[in-house]
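Encoded as C-alpha cells, the structure appears first; notes follow it.
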Amino acid sequence: IPGRHSYAKYNNWDKIVVWTEKMMNKHPEMVSRIKIGMTVEDNPLYVLQVGKQDERKKSVFMNCGIHAREWISPAFCQWFVYQATKSYGKNKIMTKLLDQMNFYVLPVFNVDGYIWSWTQNRMWRKNRSKNPNSRCIGTDLNRNFNASWNSLPNTNNPCSDTYHGTAPESERETKAVTQFIRSHLNSIKAYITFHSYSQMLLFPYGYTSELTPNHEDLAKVAKIGTDALATHYETRYIYDPMASITYPTTGSSLDWAYDLGIKHTFAFELRDKGKFGFLLPESQIKSTCKETMLAVKFIAKYILKHAS
Amino acid sequence: IAPLRFDREKVFRVKPQDEKQANIIKDLAKTKELDFWYPDATHHVTANKMVDFRVSENNSQSIQSALEQNQMHYEILIHDLQKEIEKQFDVKEA
Numbered sequence: 104i105p106g107r108h109s110y111a112k113y114n115n116w117d118k119i120v121v122w123t124e125k126m127m128n129k130h131p132e133m134v135s136r137i138k139i140g141m142t143v144e145d146n147p148l149y150v151l152q153v154g155k156q157d158e159r160k161k162s163v164f165m166n167c168g169i170h171a172r173e174w175i176s177p178a179f180c181q182w183f184v185y186q187a188t189k190s191y192g193k194n195k196i197m198t199k200l201l202d203q204m205n206f207y208v209l210p211v212f213n214v215d216g217y218i219w220s221w222t223q224n225r226m227w228r229k230n231r232s233k234n235p236n237s238r239c240i241g242t243d244l245n246r247n248f249n250a251s252w253n254s255l256p257n258t259n260n261p262c263s264d265t266y267h268g269t270a271p272e273s274e275r276e277t278k279a280v281t282q283f284i285r286s287h288l289n290s291i292k293a294y295i296t297f298h299s300y301s302q303m304l305l306f307p308y309g310y311t312s313e314l315t316p317n318h319e320d321l322a323k324v325a326k327i328g329t330d331a332l333a334t335h336y337e338t339r340y341i342y343d344p345m346a347s348i349t350y351p352t353t354g355s356s357l358d359w360a361y362d363l364g365i366k367h368t369f370a371f372e373l374r375d376k377g378k379f380g381f382l383l384p385e386s387q388i389k390s391t392c393k394e395t396m397l398a399v400k401f402i403a404k405y406i407l408k409h410a411s
Numbered sequence: 013i014a015p016l017r018f019d020r021e022k023v024f025r026v027k028p029q030d031e032k033q034a035n036i037i038k039d040l041a042k043t044k045e046l047d048f049w050y051p052d053a054t055h056h057v058t059a060n061k062m063v064d065f066r067v068s069e070n071n072s073q074s075i076q077s078a079l080e081q082n083q084m085h086y087e088i089l090i091h092d093l094q095k096e097i098e099k100q101f102d103v104k105e106a
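Read top to bottom, the protein sequences are chains A and B. For the first sequence, our numbering assigns the number 104 to the initial residue and increments by one for each residue that follows. For the second sequence, our numbering assigns the number 13 to the initial residue and increments by one for each residue that follows.
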C-alpha cells in the first residue's frame with residue numbers, strides 16, 4: 104500500500120502509479136492511461152491522455168521528470184491533470200481546451216532515476232541504465248535525443264552527469280517517447296517539457312545559436328506564457344532560445360521535437376532561482392503549480408487558435 | 013543499501029568576472045568533485061554567468077579558500093544540504 108497521494112506533497116513513484124489509476128477510474132470520459140514502454144528496471148512508462156478522447160483533435164504533449172532530482176516537475180504534471188479534470192465544465196478556458204484538444208501527459212519520464220532519487224540519492228539526475236565498459240551508471244535522457252547528437256564535446260563520458268548515451272535514442276525511455284510522439288505527430292501541435300530550476304521559459308534552438316524560422320512566433324507565445332504566469336504571484340520568468348539564455352546543448356528533447364515538425368516546443372525551468380534549487384519546499388508546490396498552470400493554459404489557448 | 017546522506021555539504025554560487033575566473037572553477041572541477049546545479053556541466057561555465065555547484069563537506073573549505081585566494085565573489089546558498097533535504101518536506105500529511 105503506497106500511502107496517500109497529495110498534490111501539496113512530493114509523491115514517490117508507487118503513489119504516482121496508483122494516482123494514474125485513480126484518475127482514470129474517476130474520469131473515464133476524460134482520462135485514459137497509455138503504456139508507452141518500459142524502463143531498464145522494468146517500470147512502466149505511462150502517458151495520461153486528458154481530453155474528450157478524440158484522436159483527431161489537436162494535442163499538446165507534456166512531459167515531466169526527465170531529470171530525476173527535479174521533483175517539482177512531476178508534481179506539476181500531477182497538478183495539471185487534477186486541475187484539468189476538476190475545472191472542466193467550470194472554467195471557460197479549460198473547458199474549451201479539453202473539448203477541442205487532447206493533452207498527453209507523461210508524469211514521470213525518468214522513472215528509474217526518480218525512484219533512485221527517492222530511495223538512494225536525492226541528487227540523482229540521469230536514468231539507471233548500465234554503460235558498457237564503465238562502472239558509472241546512467242544517461243542524461245535530455246542529451247539522448249537525435250538533435251545534433253554528439254556534435255559538442257564533453258558529453259561522452261559515462262561518468263558525467265550529462266552523459267549522452269551510446270547513440271541517439273539508445274535509452275528505452277527516450278525510444279518509448281519518440282515512438283509515441285512520431286505515431287501521434289499529425290495531432291501534436293505543441294511539446295512542453297518541465298524542469299527545475301531558474302525560472303525560465305526556453306524554446307529552440309539549443310544546439311545552435313541560429314534562430315528558428317518561427318522565432319518571432321515562439322517569442323510571442325513565450326511572452327504570453329510568462330506574462331500569464333506572473334499574474335498570480337508576480338513570479339518573474341525570462342524567456343529566449345535555449346542556446347542564448349543558457350548555453351549550447353545537444354541531444355535535447357526540445358530541439359528534437361521541433362526538428363521533427365512540432366513548431367511550438369517549450370521547456371519550463373520552474374521555481375526557484377537557487378535559494379532552494381532542487382529542494383523546493385513542499386509548501387511552494389501549490390503556488391508554483393498554480394502559476395505554471397496559467398502559463399500552460401494560455402500557451403495551449405494560443406496553439407488551439409493559431410497552430411495549423 | 014542506506015540512502016546517501018549529504019550532511020554539511022554546501023551549495024556555492026559564484027559569478028566569474030572573466031574567463032580567467034571561469035577557468036579557475038573548471039580547474040577546481042578537475043580535482044574536486046563538484047556537482048553542477050546550474051549550469052549542468054563544467055564546460056558550460058563561462059564569464060559573467062552565474063554558477064551554482066554542490067561540494068562535499070571535505071572539499072568545501074578548500075573550495076572556499078581557492079575562491080578567496082583568487083578574489084572571487086561567492087555566496088553559500090546552502091550550508092547543510094541534508095538539512096535542506098529534510099526541510100523540503102514541510103507539509104504535513106493531511
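By construction, the Cβ of each residue, glycine as well, lies at the ideal position given by its N, Cα and C atoms. Only a predicted model underlies this, so the values are computations on that prediction, with no experimental measurement involved.
Kindly indicate which three-state DSSP category residue i falls into: helix, strand or coil?
i, result
"Asp30(B)", "coil"
"Leu332(A)", "helix"
"Ile90(B)", "strand"
"Thr281(A)", "helix"
"Leu304(A)", "strand"
"Leu383(A)", "coil"
"Tyr310(A)", "coil"
"Pro210(A)", "coil"
"Met165(A)", "strand"
"Glu45(B)", "coil"
"Tyr294(A)", "strand"
"Thr368(A)", "strand"
"Asp202(A)", "helix"
"Met133(A)", "coil"
Does the distance from the C-beta atom of residue i to that of residue j stay below 9 Å?
i, j, result
"Tyr294(A)", "Met165(A)", "yes"
"Met141(A)", "Ala270(A)", "no"
"Thr353(A)", "His267(A)", "yes"
"His367(A)", "Val399(A)", "no"
"Arg25(B)", "Asp92(B)", "no"
"Thr198(A)", "His130(A)", "no"
"Ser74(B)", "Lys44(B)", "yes"
"Thr281(A)", "Trp359(A)", "yes"
"Leu46(B)", "Phe65(B)", "yes"
"Met133(A)", "Lys155(A)", "yes"
"Asn245(A)", "Thr296(A)", "yes"
"Gly309(A)", "Ala250(A)", "yes"
"Phe371(A)", "Leu305(A)", "yes"
"Arg428(A)", "Val120(A)", "This structure cannot settle anything about residue 428(A), because the visible part of chain A is limited to 104 through 411."
So is residue i in contact with chain A if we call contact Cβ pairs under 9 Å?
i, result
"Lys99(B)", "yes"
"Glu96(B)", "yes"
"Asp52(B)", "yes"
"Met62(B)", "yes"
"Asp102(B)", "yes"
"Arg25(B)", "yes"
"Thr58(B)", "yes"
"Leu40(B)", "no"
"Arg66(B)", "yes"
If I'm right that residue i touches residue j with Cβ under 8 Å, what's the distance once you round it to whole angstroms?
i, j, result
"Thr123(A)", "Arg107(A)", "In fact, because the Cβ distance is near 15 Å, the residues do not count as touching under 8 Å."
"Asp215(A)", "Asp243(A)", "Rounded, the Cβ-Cβ distance is 13 Å, inconsistent with contact."
"Gly79(A)", "Tyr86(B)", "This structure leaves residue 79(A) out entirely; chain A is present only between 104 and 411."
"Asn213(A)", "Ala178(A)", "Not really, about 15 Å apart at Cβ, beyond 8 Å."
"Lys112(A)", "Glu337(A)", "Rounded, the Cβ-Cβ distance is 25 Å, inconsistent with contact."
"Leu397(A)", "Thr334(A)", "7 Å"
I'd like the list of long-range same chain contacts for residue i, defined as Cβ closer than 8 Å, with 5 residues on each side in sequence excluded.
i, result
"Asn224(A)", "none"
"Glu69(B)", "Asp19, Arg20, Glu21, Lys22"
Counting only C-beta atoms, is residue i closer than 9 Å to chain B at any point?
i, result
"Asn114(A)", "no"
"Asn253(A)", "no"
"Tyr310(A)", "no"
"Leu383(A)", "yes"
"Lys378(A)", "yes"
"Asn257(A)", "yes"
"Asp264(A)", "yes"
Short of 7 Å in beta carbon distance, which residues of its chain neighbour residue i, apart from the five on each side in sequence? Order them along the chain.
i, result
"Pro147(A)", "Lys138, Met141"
"Lys233(A)", "Ile240"
"Cys392(A)", "Ala178, Phe179, Trp182"
Within the same chain, show all residues whose beta-carbon is closer than 6 Å to that of residue i, passing over the 5 residues directly before and after it, in chain order.
i, result
"Ser237(A)", "Pro261"
"Leu382(A)", "none"
"Ile341(A)", "Met303"
"Asn115(A)", "Trp221"
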